[in-house]
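What follows is a set of notes on a single structure, which appears directly below.
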Amino acid sequence: MPARSVFEIIGPVMIGPSSSHTAGAVRIGSIARAVLGEDFRRAEITFYGSFAKTYKGHGTDRALVAGLLGMSGDDSRIRDALNIASTLGLEIRFRIAAEGEEFHPNTADIELTGVSGKRVFLRGSSVGGGNVLITRINQYEVSVCAKSPTLMVEHVDRPGVIGRVAGVLGNNGINIAEMRLTGSNREGEKLMVIEMDRAVSDEVLETITGLPDVTAVIRI
Amino acid sequence: MRRKITISELVAAAEQRGCPIWQVVLEREERLQGTERQDIWHKMKEYWMVMKGSLDAGTKPGNRSLSGLVGEEGALLTRYIEKTKPLSGYGSVLAAARAMGVAVVNASQGRIVAAPTAGSCGILPAVLATVAEETGAVEDAVVGALFTAAGVGMVIDEHAGTAGAKSGCQAECGSASCMAAVAAAEMAGGTPRQAANAGALALKNFLGLVCDPVAGLVEIPCVKRNAIGAGVALLAADMALAGIESKIPLDEVIQAMKEIGDAMPASLKETSLAGLAGTPTAREIEKRMNEID
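Here the protein sequences come in this chain order: U and S.
My numbering applies: residue 1 is where the first sequence begins, and numbers increase by one.
My numbering applies: residue 1001 is where the second sequence begins, and numbers increase by one.
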């Protein structure tokens, strides 16, 4: 795609060595943090493909942990993220996936355990230029790039739930850009992935969380 | 859909109005973005501050990339010219030292400005800082030069692309060296036509250059290609300022780069399967890297 601005040529300001290994990895980490919704105390990270081959030399491990710690992609502390995590007493383990498990070459699985004992699983790929694609969240196969504010609503598959969620968003003047539904292997359980034109406030988030048949809400 | 611009259009617009290329680029950006000129200028100035920060960080002794494969090349070269009269001229060597320094900052997870990419981020700041010193240019002249470089980069991006994975290193270090040559020639008082010639002379020397990073890292040969990219940009600018013309115009050199990139096998486009990455030494390094725990 042709450059639309001079700042696509001179820029972005970034932390090296490459946007797919730094900015993209930070983004996957920060989405995992949002999915957990609380501070983590334990992280198990599995690298696939070229992430597995070059994660040390590219600092992908540091970038991912920086994202888990809440840093953004241009934070100069990224290279110290592993030390910072260890100072905080966080337990972090890295694993290299066995050959044969093939996804996008720059893919990581993250299993997080929160301070409350809550556990989440996320699989994300860095697809270039700092962009990411999240392909799994807990038991759900998804396709989330989180370029715009995204809400994921886990709910019991009953008539009326989608309408109620959309109603709350509409009443608060939030436009839905895209909505997808995905099921899990457990019967009657579904996930709405809603991309919106702007982010929801804490208040709106709380209202949606309190709706009948809504079991959990994740905001990215 | 917006029409693609060309170098000859940029040059013609600048000549017609008797202004530098950067002014044409700045005004175009203003029109395309609908943003105030001073805001665009201010943002570019901030980017130059980040570039300066990376230049300062780059020549400090003790630098080391995450893998440990590269580190003190910039400092070594700086120390060399403090003691020795360099064969290729003080300015060239200083620019080469600075370019490697910034490239190592990138390889050690430091803060840089992609120009046009992270892998080639050392060339433009190194050349502009050096030319500013040589010509006594003020900071605003450097910010202007960044717009000239960006304009050239946009043309390259629109007609050929700037990704190593798509077109090889010619599109990364080659583009950066070309952008730096045009900006350097203009900063030193060259006409828009001379500046475009400088870009063509620089880029022609990168045509066909493949992207073959050892062990998949942005280190070998990337860091040193930044050094030589800076040197080529300065020499090309000098040649153009002396009145030498590129018989093939820059727009056509860019088109040639695209065709060469398309013909390049995938094994030589950032996949680390062949080229320098496939040499016995590279394989040895790769093996060693995988053993580190």
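Note that CB positions come from ideal geometry on N, CA and C, so glycine has one too.
Computed from a prediction, not measured in an experiment: that's the story for all the values here.
Asked, Found
"State the Cα-Cα distance for the pair U/S5 and S/T1084, rounded to the nearest angstrom.", "43 Å"
"Could you please tell me which residues of the region 145-165 of chain U, in chain order, have their CB closer than 7 Å to any CB of chain S?", "none"
"Could you confirm whether any beta carbon from chain U is found closer than 8 Å to the beta carbon of S/V1050?", "yes"
"Contact between the region 1060-1069 of chain S and the region 1102-1113 of chain S: three or more CB pairs below 8 Å?", "yes"
"Tell me which same chain residues have a C-beta within less than 8 Å of the C-beta of S/R1193, skipping the five on either side of it?", "V1011 and E1015"
"For a test of the three-state rule: what should DSSP assign to S/K1269, helix, strand or coil?", "strand"
"Of the choices S/E1082, S/P1249 and S/A1145, whose alpha-carbon is the least far from that of S/A1132?", "S/A1145"
"At which residues does the alpha helix (DSSP H) containing S/K1224 begin and terminate?", "C1222 to L1241"
"Classify U/M1 as buried or exposed, calling it buried when 16 or more other Cβ atoms lie within 10 Å of its own Cβ.", "Caution is warranted here: a pLDDT of 49 is assigned to U/M1, below 50, making its placement in the model unreliable, and no coordinate value can be reported."
"What residues match up with U/I218 in a beta bridge as DSSP calls it?", "U/M152"
"At what residues does the beta strand (DSSP E) containing U/K223 begin and finish?", "No answer is possible for residue 223 of chain U: the residues shown for chain U start at 1 and end at 220."
"I need the boundaries of the alpha helix (DSSP H) containing U/F51, first residue and last residue.", "G49 to H58"
"Tell me whether S/L1203 is buried or exposed, calling it buried when 16 or more other Cβ atoms sit within 10 Å of its Cβ.", "buried"
"With the cut-off set at 8 Å, would you say S/I1227 and S/M1051 are in Cβ contact?", "Looking at the sequence shown, residue 1227 of chain S is not Ile but Ala. Not a contact, by the Cβ cut-off of 8 Å."
"In whole angstroms, what is the alpha-carbon distance linking S/G1275 and U/G57?", "20 Å"
"With 16 as the cutoff for other CB atoms within 10 Å, does S/S1177 come out buried or exposed?", "buried"
"Going along the chain, which residues of its own chain have a beta-carbon closer than 7 Å to the beta-carbon of U/V35, five neighbours each way excluded?", "V120, L122, I137 and I218"
"At the 8 Å Cβ level, is U/L82 part of the contact set with chain S, yes or no?", "no"
"Which residues in the same chain as S/A1137 place their Cβ atom closer than 6 Å to its Cβ, once the five residues preceding and following it in sequence are excluded?", "M1187"
"Under 8 Å, do U/T60 and U/A32 count as touching if we go by C-beta distance?", "no"
"List the residues that DSSP assigns as beta-bridge partners of U/E91.", "U/R42"
"Under 8 Å, Cβ to Cβ, is there at least one residue of chain S near U/R7?", "Note that residue 7 of chain U is Phe in the sequence shown here, rather than Arg. Cβ-Cβ to chain S under 8 Å: yes for U/F7."
"Along the region 175-192 of chain U, what residues have a CB closer than 8 Å to any CB found in chain S?", "none"
"What does S/P1061 reach in chain U if we use C-beta pairs closer than 8 Å?", "By Cβ distance, chain U contributes nothing, its closest Cβ being about 18 Å from S/P1061, past 8 Å."
"Measuring only between beta-carbons, confirm whether U/R62 sits less than 8 Å from chain S.", "yes"
"In this structure, what does DSSP give as the bridge partners for U/I134?", "U/G124 and U/V144"
"Three Cβ pairs or more, each shorter than 8 Å: is that satisfied between the region 1091-1100 of chain S and the region 1116-1125 of chain S?", "yes"
"Using only CA atoms, which one of U/D213, U/I174 and U/L181 lies nearest to U/S201?", "U/I174"
"With a CB to CB cut of under 6 Å and the five nearest residues on each side skipped, what residues in its chain are close to S/C1173?", "S1120, R1225 and G1229"
"May I ask you to list the residues that DSSP assigns as paired with U/T113?", "U/R42 and U/R119"
"Taking only three categories from DSSP, how would you classify S/T1281?", "helix"
"Helix, strand or coil: which one does DSSP assign to U/I15?", "strand"
"Report the three-state DSSP secondary structure of U/T207 (helix, strand or coil).", "helix"
"Where DSSP assigns a beta bridge to U/T182, which residues make up the other side?", "U/L191"
"How close, in whole Å, do the beta carbons of U/F40 and U/T113 come, if the pair is a contact with beta carbons under 8 Å?", "6 Å"
"For a contact defined as C-beta to C-beta under 7 Å, what are the partners of S/N1106 on chain U?", "G16 and P17"
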